[in-house]
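Here our numbering runs 109 ahead of the position in the sequence shown, where the first position is 1. Reviewing the structure listed below.
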Amino acid sequence: MKTMMFAVAALFSLSISSAAFAADEYNKVPAGDAQYKACKTYALKKYEGGEEKSPIAGQTKAEAWCTCMWNETPEDFKGSLAKFSETAKGAKTNKICEKYSNWGD
Numbered sequence: 110m111k112t113m114m115f116a117v118a119a120l121f122s123l124s125i126s127s128a129a130f131a132a133d134e135y136n137k138v139p140a141g142d143a144q145y146k147a148c149k150t151y152a153l154k155k156y157e158g159g160e161e162k163s164p165i166a167g168q169t170k171a172e173a174w175c176t177c178m179w180n181e182t183p184e185d186f187k188g189s190l191a192k193f194s195e196t197a198k199g200a201k202t203n204k205i206c207e208k209y210s211n212w213g214d
């Protein structure tokens, strides 16, 4: 019984850790997407370091962060991605995207 519980716990841990690394890169944002463009503009004006190179090939930190925010918010989200990240509700998504873009605390 202990062996079975250990195996279940190990599989669960493995599935959680692999899910965290499942998305090396997010889906590309459609060209001309207004929400993404507004996110980049806002982020570059408000925060420092957005023009620096991100770990994502061909993207600055602001581009990678906004790409992540665009992908991590629900399909029906119509608001400002950058302003959402500053809310209590958006804090978790912000942390994910800061890590993805290597931009933040």
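Cβ coordinates follow ideal geometry from the N, Cα and C atoms, glycine included.
query, result
"Selected residue, minimal CA-CA separation from residue 156, among 194, 199, 184", "194"
"Boundaries (first-last residue) of the alpha helix (DSSP H) holding residue 140", "No alpha helix (DSSP H) contains residue 140, which DSSP labels as neither H nor E."
"Rounded C-alpha distance that separates residue 190 from residue 144", "7 Å"
"Per DSSP, the bridge partner or partners of residue 169", "162"
"Exposure label - residue 204; buried when at least 16 CB within 10 Å", "exposed"
"For residue 167 and residue 197, the rounded distance between their alpha carbons", "31 Å"
"Supposed close pair residue 158, residue 170 - CB separation, criterion 8 Å", "6 Å"
"Within 7 Å, strictly: CB atoms of residue 175 and residue 149", "yes"
"Inter-residue CB distance, residue 173 and residue 209 (contact presumed, cutoff 8 Å)", "6 Å"
"Residue 160 versus residue 200 - alpha carbon distance", "22 Å"
"Euclidean distance between Cα positions of residue 192 and residue 147", "10 Å"
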